[in-house]
Amino acid sequence: MKKLVRKAQAKPLSKPLKQVAALPFRVGSDGQVEVLLITSRDTGRWIIPKGWPMIGRKAHRAAEREAFEEAGLTGRIAADPVGWYRYEKRVAQGRALPCKVRVYPLRVEVQHPRWPEQAQRTLRWFKPEDAARLVHEDDLRRLLAGFAVTRADACI
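The numbering used here applies: residue 95 is where the sequence shown begins, and numbers increase by one.
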């Protein structure tokens, strides 16, 4: 993937780069949905676990892997995306690469005490409407704001 980013940096892109993300959620005993946000490593902004597609792995499985690596989460992930959002990935020399991210809901079953990027990120559970106020991407904000119990249950 580093090759793709370097190539994209060299010339303007006609299409956005594709990424995958997990939208981790849980349903409390009161029936209320909570979603998990993590901080990005570079800017500390609130985001959801995301990354590049992986060769030999379906998109939702790559998103599931990102949820474990970035937040220590495992659970049941939907094979179909619940939506998508766009953002600009900041790279060397202040350049920005347009990205389109497909989002797969992940019903969290285990939050592991240790995971690969633990020292690099903060994570926190939020009500979807509160999470929506914290993210910077408009499409992701709308997706989070509309993520309610009925929608979450229908995803998995």
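All C-beta atoms, glycine included, are put in the ideal place defined by N, C-alpha and C.
- Going by Cα to Cα distance, which pick from TYR181, VAL114 and LEU167 is closest to ARG189? TYR181
- Query: Is GLU164 near PRO147, with beta carbons less than 7 Å apart?
  - Reply: no
- Which term fits ARG196, buried or exposed, when burial requires 16 or more other beta carbons within 10 angstroms of its beta carbon? Label assigned to ARG196: buried.
- Message: Closer than 8 Å is the cut-off here; do at least three beta carbon pairs connect the segment 206-221 with the segment 149-157?
- Response: Counting Cβ pairs under 8 Å, fewer than three are found: no touch.
- Query: Is the distance from the Cβ of TRP219 to the Cβ of GLU160 below 7 Å?
  - Reply: no
- Would you identify the three-state DSSP class for ARG139, choosing helix, strand or coil? coil
- Proximity winner among VAL121, GLY240 and GLU231, relative to GLU223 (alpha-carbon distances): GLY240
- Message: Taking only three categories from DSSP, how would you classify PHE162?
- Response: helix
- Query: DSSP on ARG236, reduced to helix/strand/coil?
  - Reply: helix
- Contact set for LEU238: own chain, Cβ-Cβ below 7 Å, skip 5 residues either direction: VAL129, PRO222, ALA225, ALA226 and VAL229
- Item | Selected residue, minimal CA-CA separation from TYR179, among ILE141, ALA173 and GLN214 | ILE141
- Message: Within a Cβ cutoff of 8 Å, which residues of the same chain sit near ASP233, ignoring the five residues on either side of it in sequence?
- Response: GLY177, TRP178, TYR179 and ARG180
- With distances taken between CB atoms, is the gap from GLY171 to LEU200 smaller than 7 Å? Per the sequence presented here, residue 171 reads as Ile, with Gly not at that position. A contact, by the Cβ cut-off of 7 Å.
- Where does ALA242 land, buried or exposed, given buried means 16+ other C-beta within 10 angstroms? exposed
- Item | Supposed contact pair GLN205 and GLY145 - C-beta distance, whole angstroms, cut 8 Å | No, GLY145 and GLN205 are not in contact; Cβ-Cβ is about 19 Å, not under 8 Å.
- Alpha carbon of VAL114 to alpha carbon of GLN126, nearest angstrom: 26 Å
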